[in-house]
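Below you'll find the structure, written out as structure tokens, and then a few comments.
Chains as they are written, first to last, in my numbering: chain A, 1 to 193; chain B, 1 to 289.
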């Protein structure tokens, strides 16, 4: 595929040239889709994010001009990344508002040190996993389909995606299970009844 | 913890028909299997729960190729704020036009991906015809100088795979000729792989003392096309100094069967580093893939 310099892409977007828009889509969308799908979004989110970013950039180019010292792809990726972080923040605060009633009810409960400990143990072992495993499991736990995982990770078929997911889960599960602190925690919970 | 591929398939709802019925019976008949399923189910729940709490604080997981040049969020925030991004009206002509072009790109991209395995040509143009001729000429040149086209992993698998006969003397001396294991080996040697697999399955893994069980059951699984189960079985032999190299060889072939070339290459490269029986074959196979 032909490489266009940033200045040509910017001019092409300003004039809404189909050839340039198509080129931007072909070259930039896969990385943005990967970013969104690996971080809690789905296919629609990725498409919406990409379109919103392109419209913002179009507005910037036509009203204020745009000069880049990086590749256009990197700039577009940075804008999408920023927008997706904002979206994740919005979803988190919406969730907190929905959970607010529960929090009020639990307010008088003492803070559960065991819950903190469970999370600490999980986080330690999750971060020990390879980047590939972290990405696969992050998508899996956020209910991405195996087909989406297959596309984002670039696997040849869904069977390979299932195999990777299973192996990554098995590694994580075995490490947590064999952690003496986890075993002690399980005993404490069992004794507490 | 024995978190097997079969337990995974069961908990993910991927078992059906005869296989599901058989596994459910196994759960009812064997308390160890039932306990294991519950343990894995409980751990699955634990990990899911903890991950939900963790994901908010985990930050973005990304590996963008040009990551060192990705522009900081704060810079982008200031950039866009200075722009005072107006609420883009859906009625603006230029906005409608650019949205339409983005949608068209998306559809075209999706169709191109769908059609990548079909022999369909959407547009006939002089440019496409010339490109096709160029590709044909290039392919012909490659054939003439003996270079390979795209790899057919199944063909390579078939070229290098063969099921070895089980040596009767490999049986444990505590087992008699009428033991389930002996019967399984006999069926295996007669290439009755479905019956052999059922017989292997009837032997609880906890009672297995002879590691050849995992090897021959794994190869039986390969014959039945269940490469994932085969890999799972060969995994048991990775610390066995006698059978490890054979297990690695068949595991590598199983990854080829799954068309997971990346992992297959990694396994065969490990075999080449060893001084085992399959070193030369692994080297030759790596050239093919």
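Positions of the beta carbon are idealized from the N, C-alpha and C atoms, including for glycine.
Your pair residue 50(A) and residue 70(A) does not check out as a contact, with CB atoms roughly 18 Å apart and the cut at 8 Å.
When Cβ-Cβ separations below 9 Å define contact, residue 76(B) makes contact with chain A.
Boundaries of the alpha helix (DSSP H) around residue 33(B): 31-55. Taking the CA atoms as reference points, residue 33(A) sits about 9 Å from residue 44(A).
Annotated three-state conformation of residue 147(A) is helix, per DSSP. Here DSSP, grouped into helix, strand and coil, assigns residue 77(B) to helix. Interface flag for residue 145(A) against chain B is unset, since no Cβ pair is found closer than 9 Å.
A distance below 9 Å separates the beta carbons of residue 131(A) and residue 61(B). Between residue 274(B) and the set 206(B), 253(B), 242(B) and 160(B), the nearest pair of CA atoms involves 242(B). Residue environment analysis places residue 202(B) among the exposed positions, since fewer than 16 neighbouring C-beta atoms fall within 10 angstroms of its C-beta.
Shortest Cα-Cα distance from residue 157(A) to any of 285(B), 103(B), 255(B) and 184(B) involves 255(B).
For the 9 Å CB-CB criterion, residue 230(B) and residue 222(B) form a contact. For the C-beta of residue 8(B), the chain A residues within less than 7 Å are, from N- to C-terminus, 166.
In the DSSP annotation of this structure, the continuous segment of the alpha helix (DSSP H) that includes residue 125(A) starts and ends at 113-128.
By the neighbour-count criterion, in which a residue is buried when 16 or more other Cβ atoms sit within 10 angstroms of its Cβ, residue 78(A) is buried. Annotated as proximal: residue 251(B) and residue 234(B), with beta-carbon spacing under 9 Å.
DSSP places residue 43(A) inside the alpha helix (DSSP H), whose first and last residues are 43-63.
Per DSSP, reduced to three states, the secondary structure at residue 277(B) is coil, with no helix or strand assignment.
For the pair residue 18(B) and residue 211(B), the Cα-to-Cα distance works out to about 27 Å. If you look at residue 208(B), you'll find it isn't in any alpha helix (DSSP H); DSSP assigns it neither H nor E. In this structure, 179(B) is the residue among 42(B), 232(B), 10(B) and 179(B) with its C-alpha nearest to the C-alpha of residue 207(B). Residue 182(A) is not a Cβ neighbour of residue 47(B), given a cutoff of 9 Å. In this structure, residue 285(B) places its C-beta atom within 9 Å of the C-beta atom of residue 160(B).
Under a criterion of Cβ atoms nearer than 9 Å, no residue of chain A is adjacent to residue 16(B); the nearest Cβ is some 15 Å distant. The C-beta distance from residue 84(A) to residue 36(A) rounds to 6 Å, short enough to meet the 8 Å contact threshold.
Proximity of residue 40(A) to chain B, defined by a Cβ-Cβ separation below 9 Å, is satisfied. DSSP places residue 97(B) within a helical segment (H, G or I) once states are collapsed to three. Note on geometry: alpha-carbon atoms of residue 18(A) and residue 24(A) lie some 10 Å from one another. Annotation: residue 72(A) has no Cβ neighbours in chain B at a cutoff of 7 Å; minimum Cβ distance is about 11 Å. Contact of residue 47(A) with chain B by beta-carbon distance below 7 Å involves 106. When only Cα atoms are considered, residue 187(B) and residue 283(B) end up about 33 Å apart. CA-to-CA, the gap between residue 64(B) and residue 178(A) works out to about 34 Å.
Between the segment 56-72 of chain A and the segment 1-18 of chain A there are three or more inter-stretch CB-CB distances shorter than 8 Å, so the stretches are counted as touching. Taking C-beta atoms under 8 Å as the contact rule, residue 122(A) and residue 50(B) qualify, at a distance of about 4 Å. Here the alpha carbons of residue 127(A) and residue 82(A) stand approximately 23 Å from one another. Chain-ordered, the chain A residues with CB closer than 8 Å to the CB of residue 43(B) read 173, 176 and 177.
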